[in-house]
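Reading through the structure tokens given below for one structure.
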Amino acid sequence: MKKTIEEHANRFSDIAGDYDDSQDSEEYRACVSLVVDHADPGADDTVLDLGTGTGAIALALAPGAERVIGRDISEGMLDEARTKAEENGIENVEFGEGRFRDPNVDGEVDIVVSNFAMHHLSDEEKREAIEAIAELGPRKFVLGDVMFFGLPDPEEPFYSPEVDDPSTVGHLADVLTDNGFSLTAVERVHEQVGVLVAERT
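Positions in the sequence shown are counted from 1; adding 4 to them yields our numbering.
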């Protein structure tokens, strides 16, 4: 991680009010749609959204799930998510502080999702995060994120090198496999953006 958790939390809290408006790229919107479609929770499912931000994914999944848990390190982003849930009358979502490597969740969950958040972690930190996710016992993990399908073009990065640390698709696939998952879908949105669907073998 190129910045501390506290630095990341403060940075996102500072931009929380304008975050939704800033995420207007076709690639981001495509990832949101794919993550929601692939998660596809059932009426009895508990879903965990890690790096929930302002709750876009969590709130989209809530109507189809029994319960959705949103976790983030930024209190400012969580406040935005809670406000949106209240304004939309969504009552089966709970937002609170949690981290990839310490999700702050009691009990097992059925589905874990994350969109445009894990790329802040180093490769080793991603491994630790996926190990922590696997320990929660989900049958499915859907990851939308900045990731490299080939060699990144240094002239046209889709990410901010000073704060982001994307992995290759190969590294993510290896870590998921090491933790008992099988890749069941790989969606390439852009050379540097994709969605991976991992399910229990």
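We put the beta carbon where it would ideally sit given N, CA and C, even for glycine.
The structure presented is a predicted model; accordingly, all values stated were derived computationally and were not measured.
Exposure label - serine 118; buried when at least 16 CB within 10 Å = buried
task = Measuring alpha carbon to alpha carbon, tell me which of Gly46, Val179, Thr172, Asp169 ends up nearest alanine 136.
result = Val179
request  = Alpha carbon to alpha carbon, how far is threonine 205 from arginine 86? Give it in angstroms, no decimals.
outcome  = 35 Å
query = Is the CB-CB distance between aspartate 49 and isoleucine 115 below 7 Å?
reply = yes
query = Cβ atoms of valine 39 and glycine 148: under 7 Å apart, would you say?
reply = yes
key: Candidates Ser164, Glu31, Asp44: closest to leucine 63 by CA position   = Asp44
query = Which residues in the same chain as alanine 121 place their Cβ atom closer than 6 Å to its Cβ, once the five residues preceding and following it in sequence are excluded?
reply = Gly55
request  = Would you list, in sequence order, the uninterrupted beta strand (DSSP E) runs of no fewer than 3 residues that lie entirely inside the region 117-189?
outcome  = 144-152
request  = Report all residues from its chain with a CB closer than 6 Å to the CB of valine 201; omit the five preceding and five following residues, and keep chain order.
outcome  = His42, Val146, Thr188, Ala189
query = Which word fits threonine 58, buried or exposed, when buried means at least 16 other C-beta atoms lie within 10 angstroms of its C-beta?
reply = buried
key: Local Cβ density within 10 Å of glycine 46, reported as buried at 16 or more and exposed below that   = exposed
Separation of threonine 172 from lysine 130, as counted between CA atoms = 11 Å
request  = Spatial neighbours of aspartate 106 within its chain, please: CB distance less than 8 Å, with the 5 preceding and 5 following residues excluded, ordered by chain position.
outcome  = Ala136
task = Quick one: residues in its chain with C-beta nearer than 8 Å to the C-beta of glutamate 98, no 5 flanking neighbours on either side, listed in chain order?
result = Arg71, Val72, Ile73, Gly74
inquiry  = Suppose you measure from the CA of serine 29 to the CA of valine 36; what does that come to, to the nearest Å?
reply    = 11 Å
key: DSSP-derived helix/strand/coil call for glycine 100   = strand
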